[in-house]
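Single-structure report; data block below.
In my numbering, the protein residues as written are 1012 to 1144.
Take a look at the structure:
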């Protein structure tokens, strides 16, 4: 998973280019170490085929949306954040109901039909610390 770090000081606009870009390791961890700024914005880039379903940030972080967490004037330290991504479930499309036509057929003998078991959807969960120095 790719994570981008944007930083700014008081009175400056958010930049359009990240200060740092990193990729999490196989366990989902990433580290972003930087010098002191007033504001930090961590943006998670959805992996191909996944959609963001949520985010969490330890104090003093604030979840802006499912891909964005901000830290405003945090003291030096280690900060935790998490992003959740899932594979989207396809949305069924309505099909028009066909017009019935009568065709005489013999009465069938009822048989038991097995009920299919739902297939669990895979999930992508990540624990992400943000380190500020």
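The beta-carbon is built from N, C-alpha and C at its ideal position, and this holds for glycine as well.
Just so we're clear, the structure is a prediction, and the values are computed from it rather than from any experiment.
Residue i - containing beta strand (DSSP E), residue span
i	result
residue 1046	Careful: residue 1046 lies outside any beta strand (DSSP E) and carries neither H nor E.
residue 1041	Careful: residue 1041 lies outside any beta strand (DSSP E) and carries neither H nor E.
residue 1033	1031 to 1034
For residue i, the nearest candidate out of the options (CA to CA)
i	options	result
residue 1090	1107, 1040 and 1063	1040
residue 1064	1078, 1053, 1054 and 1105	1078
residue 1042	1083, 1015, 1105 and 1109	1015
residue 1058	1088, 1046 and 1095	1095
residue 1088	1117, 1104 and 1048	1048
Cα-Cα separation, residue i to residue j
i	j	result
residue 1023	residue 1107	55 Å
residue 1028	residue 1020	15 Å
Reduced DSSP category for residue i - H, G, I as helix; E, B as strand; rest coil
i	result
residue 1055	strand
residue 1068	strand
residue 1088	strand
residue 1015	strand
residue 1061	coil
residue 1142	Confidence is the limiting factor: at residue 1142 the pLDDT is only 43, short of 50, which leaves the residue's position unreliable and the question unanswerable from this model.
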